[in-house]
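Residue numbers (the numbering used here), protein chains in the order written: chain A, 1 to 991; chain B, 992 to 1160; chain C, 1161 to 1435.
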């Protein structure tokens, strides 16, 4: 395997060398975006974000913010509209995708205004002073709701929330299904999540008004096709948008592709402010509004023979991309298009793909990108086939695997699998992973009455994306009109300086993958020098460096494409050096070899010239060398694989160049009492082609596995049914810690890719695809109930294995007269009742008299009458230390004096917004008046996102305080005194 | 009883990695921002600003602390140690840093500074720290790249070398 | 995520701190370890006019142990209490619960009193204080008073502390000789807020069970030495009485399930300790 190959040939590639990146990172001298030296006059931006999932913006008042000392500029959607164009949308649609809300907000967290100030603190002070008047609209939150035409469209010009639909048929799925012995279906839902890098987004932008150029540094990761989207949005030619990346980036996992709308915003803010502007996203912003994987509903049906052979698949996918179809979406849906049969030889495939928009954060790149969604369905299906047909799940997988002699293998949908021996890898995994032991362990555990299950997943991991795959979303006719898109340009430059030392530059943007280490190994091997003698620069500058649209660090393209291209560039310079050396040592160029820091004659090692001297020669003695094409100074190679053609007229597409293979199996135990899932053993077998650096490959596997543990068991960007975002902190969005991530057993199998210069394939994303499915299969096996959604929370598991709940004892009934509302479900609804020792009319007068409302609304500073039945109050609301000032509008309707009324209200403040509607009834009793009420409320914005736990408590407390004050006021109005004990008993002593 | 007004800055004097430092801060400035942007010690990273991710973990008067959960004005007179102070001298690495490099216990390196500060503090407080203790302390850090296992191994390697008296490299 | 403006007072004595609290009419917050306050400041959920730093007041971090009662002053850090000599013997419940409080890094700075003042319904320390029948000593310019822990917590993050008062110290009664103590907790991840936490104290004649994370304040019940189905029934009644709610981490059903199962196992563990 990898290590052996390298050791045998005595080279560096394939060895787990120490990373050249590490010493600086370990010493605190990394250069991340927020560490860079500051340009003169740098100002700082903060972004005001929508508290509403869906609303019209009636007005934005920025006057107070502009007047705040230290604030340099305030930017709104109007400014952005006047200076830029919308971001290009990948599908022809009447959808304007602006990086900031213009006249309407469509998701919680959508930028609404930008404050540029002397520092971030003052900028946030400015945000507090901006007043926005929203007119809320009903929110469309789920893909089901988006498909329901009853619900309002997010983009009125489109008229529907189903923004794209395509059907595909490959082979003859109808006949295969008609002839099938069994038809087996799974319906699953993949959740919203993301691998949330620990470093957030950052952008530093400057604008030169004389030259009309933007100079931007951002921790963007590519693809640099987005550069074209950016320059178009900023209305400048590409050469007037200089985009650079910092030397270090604190993780990306695809997510930092999503920084690009902010490149537009911060660029414009710098232009408007007339000075350089920096924006560093904070964690609340990141979790709420950076980017998410798509949530997807999948119904997948298989035509199956009695022995488990799958003859056809029928996919029905509903892809939820959030509020906008933001570039490069709907790429998540089409990235896997050539791989819809996974690791299996299935000749007939039907696909129905629908893309819907909802009032949630727009989606984008995320580790696995489309793979987790596909394999959660496909591998749940193979497990279900085994369960329903009483077959061994491994036998079902084996029965369907692409035969080992079939490579390169063309899939039904057009993918061209480069290499593999899936059955061979599977056998070794079962043997070396001690699968029989695991089976015995399950038997033993079950014999003890424990809930134990085994799951498997076989996955093909695509890498090096075809830049044309997204165009599969268009019909062949539309594609023909738009012109071809294809390939995967990679670039690398190898340069020699006047003292003969070697530099390498690539157009990739590392986020921790050790590019510099691996490129040093690869280039050193070609040139016969030491890796430490090669200097690698990986930060990118579009004004200076060689790059193309596929540049960037995504789609696991580093090892197969970028490192391979560096090898080609090194070979080109080596060949030139060989020609020069030939003249120096008097041999033919093909007799020159490079070894040990020398160029030498193959058959006479003593006939040599030091590498440095040879490499310097074209600088010092070009005439001797021969000048022109012969000299060896700097070579840039652009490489694109010929296998990545545009989609054909029948929608076949080879969506990726390389296809690794993964086979995972695992054992999980479920704690019946708590619903907790414990991963007992996890074995993951990878064939990622030739391994360039074994430790880094294992690092990629471990990292992807940990991310997948999060996706399978912990992480979800949760939204309330009304569109409020609920996972705004790291205490709500649960990233696994060391205690939650077991160590997987990693196995390797190497079949070199014939399509890449080094034989390598991508490896970083596979476990994000395989692991959630394998774990769900294991949990399904343990429970005997099929898992259909993620994450598998204790509540979900306990609902399956908990059985019937012991009944509520009569003694535990809630007290009937509690003034505190009963909160049921996730939304805020409640009801209650209270008795007052005043007459019905007195209580009515008190309740509906605006002059007394000021005295009884908790925390009320003032009440003004807007109309007869419309009051506006300025109130401070809070729980414990959490206090915020709100403008509360209350409107009264359905007044039936003195018996009932409806109160509807909204509250807005810096911490978020709320709205509610309550029905109040007054009923005369012997002692006085009984007031009963029901209400429903929703809360949005920051409080919902960061303090979900606070909400219902706050509602109860505020309502409790309100009625307490109401009682006091009513008594005062009726001229009664005393009776405090009764009131105190009613309101004060309930807990 | 000094009272610092909201809009005024004051001089905060402390030692940073053994050197006396004085920089100005207003009351609300977070120590994380103060170290990074006023003192230029950018090795301490900011990942969440609410105390969960652990990237900003430093040492204040010998105990581990989240810089983002500390005000700059609180550290008047304190001894602050950050990742920049871990190496015995420029160009060398401590036993712990070297173990991280050998075990590939970092990838992007963004969360690393905080983890190093926690482990360095643990090992000086508890030279006999075992894997349970190491895992408990690591539980206060989020890492998205490594899956944690190499970090645990690096920590175990480092603590055993430190116990056997190995010196910095 | 940066705090709004506030004045900062570094109190040199308790009196100075109390002066500020009295003067600010509820618009001052006490800063001790800062582990709960700082996130609230940075998110601008809390916007006090003044922050009073009590971290430099001499003597506020010295534990008094008198007559089996552990008196924990306002400046004492959670990590310091965790390694207090003899804690496992004198206060086995605290020794069992403290490792569940946050993370090692936040325990190193966070104070015991701060956690009680914050009154998070999932907090382990408020639960222990209620379970042990401890008390809260409040100080203000008006004087001092002591409040029974069971009266102190009045609601979600709300306490009986008046606006001019601060917690000066907590009194944790020591272990009774003839009692077994146990603490258990269930959370989603290491160091997370508890979904349900249970403290049990079992004596020859009684079971005292306290439950955190379900209601706005820790709930406590005292039962005779029930066992078998009588104990199951009592736990079930408790589970339903606690009026659990749904959130993104757990639903009502799981919380009730955990009150029943964690309640049973914690009581069993405390009974074993007694034996």
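Yeah, the Cβ is synthetic: ideal placement off N, Cα and C, and Gly gets one too.
Presumed contact (8 Å Cβ cut-off) between residue i and residue j, rounded CB distance
i	j	result
residue 1058 of chain B	residue 1026 of chain B	6 Å
residue 682 of chain A	residue 742 of chain A	6 Å
residue 1419 of chain C	residue 1394 of chain C	Wrong, their Cβ atoms sit about 11 Å apart, outside the cutoff.
Interface flag, residue i vs chain A, CB-CB below 7 Å
i	result
residue 1104 of chain B	yes
residue 1101 of chain B	yes
residue 1029 of chain B	no
residue 1012 of chain B	no
Local conformation of residue i per DSSP, three classes
i	result
residue 1363 of chain C	strand
residue 1033 of chain B	coil
residue 1028 of chain B	helix
residue 317 of chain A	strand
residue 1049 of chain B	strand
residue 1326 of chain C	strand
residue 1126 of chain B	helix
residue 644 of chain A	coil
residue 131 of chain A	strand
residue 489 of chain A	coil
residue 752 of chain A	coil
residue 1203 of chain C	coil
residue 769 of chain A	helix
residue 523 of chain A	helix
residue 1 of chain A	Confidence at residue 1 of chain A is low in this model, with a pLDDT of 32, below 50, so the placement of that residue is unreliable and no value is reported for it.
Pair within 7 Å by beta-carbon distance, residue i and residue j
i	j	result
residue 393 of chain A	residue 377 of chain A	no
residue 809 of chain A	residue 372 of chain A	no
residue 85 of chain A	residue 233 of chain A	yes
residue 25 of chain A	residue 246 of chain A	no
residue 338 of chain A	residue 777 of chain A	no
residue 1035 of chain B	residue 1017 of chain B	no
residue 753 of chain A	residue 658 of chain A	yes
residue 704 of chain A	residue 762 of chain A	no
Contacting residues, own chain, Cβ-Cβ under 7 Å from residue i (five flanking each side not counted)
i	result
residue 1118 of chain B	1153 and 1154
residue 571 of chain A	526
Chain C contact for residue i (CB, 7 Å cutoff)
i	result
residue 1137 of chain B	no
residue 622 of chain A	no
residue 744 of chain A	no
residue 1018 of chain B	yes
residue 798 of chain A	yes
residue 1036 of chain B	no
Minimum Cβ-Cβ distance from residue i to chain B less than 7 Å
i	result
residue 1333 of chain C	no
residue 1169 of chain C	yes
residue 703 of chain A	yes
residue 156 of chain A	no
residue 1 of chain A	The predicted position of residue 1 of chain A is uncertain, since its pLDDT is 32 and thus under 50; a value taken from the coordinates is nonetheless stated next. With 7 Å as the cut-off, residue 1 of chain A does not count as an interface residue toward chain B.
Spatial neighbours of residue i in its chain, beta-carbon cut-off 6 Å, leaving aside the 5 residues before and after
i	result
residue 904 of chain A	891 and 917
residue 58 of chain A	133 and 135
Own chain residues within Cβ distance below 8 Å of residue i, not counting five before or after
i	result
residue 1143 of chain B	1122, 1125, 1126 and 1129
residue 1492 of chain C	Residue 1492 of chain C falls outside the range modelled here, since chain C spans only 1161 to 1435, and no answer is possible.
residue 747 of chain A	428, 429, 432, 433, 683, 684, 685 and 686
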